[in-house]
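Asker: My structure is below; once you've seen it, I'll send some questions.
Here is the structure:
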């Protein structure tokens, strides 16, 4: 099967978002990523001939939008996540000699 090549706007999608999205496809595709200032190019080559790649471009673009939203939420809630982890670790630490 022929490789599938997608061009993604580098102004809209970060390289991290594209890498996270591409990772979702490594089970069925070999992935190649290249980036420039304007565009990220994703090349997906099916690992087996029987891989259904008819709607892969649309799925990839939808998954990239999903990862972009996740990235934004991670950034907006980073302080909260750190506080929650610190609180959980404090509660898990022993406070003194066991009776």
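Numbering (this note's numbering), first residue to last: 7 to 105.
Virtual Cβ for every residue (Gly too), placed ideally from N, Cα, C.
No experiment lies behind these values; they were computed from the predicted model shown.
1. Would you kindly report the start and end of the unbroken beta strand (DSSP E) that includes residue 34?
2. Is it true that the CB of residue 60 sits closer than 9 Å to the CB of residue 11?
3. Taking all protein chains shown into account, do 16 or more other C-beta atoms lie within 10 angstroms of the C-beta of residue 23, making it buried, or fewer, making it exposed?
4. Do residue 20 and residue 76 have their C-beta atoms closer together than 9 Å?
5. Tell me, please, which residues DSSP counts as bridged to residue 46.
6. Excluding five sequence neighbours on each side, which residues of the same chain lie with their C-beta closer than 7 Å to the C-beta of residue 69?
7. Whole-angstrom Cβ separation of residue 55 and residue 7, contact assumed at under 8 Å?
8. Excluding five sequence neighbours on each side, which residues of the same chain lie with their C-beta closer than 7 Å to the C-beta of residue 62?
9. Is residue 51 helix, strand or coil by DSSP?
Answerer: Reading from the atomic positions:
1. Run containing residue 34: none; DSSP gives neither H nor E here.
2. no
3. buried
4. no
5. 14, 41
6. 27, 30
7. 6 Å
8. 10, 50
9. strand
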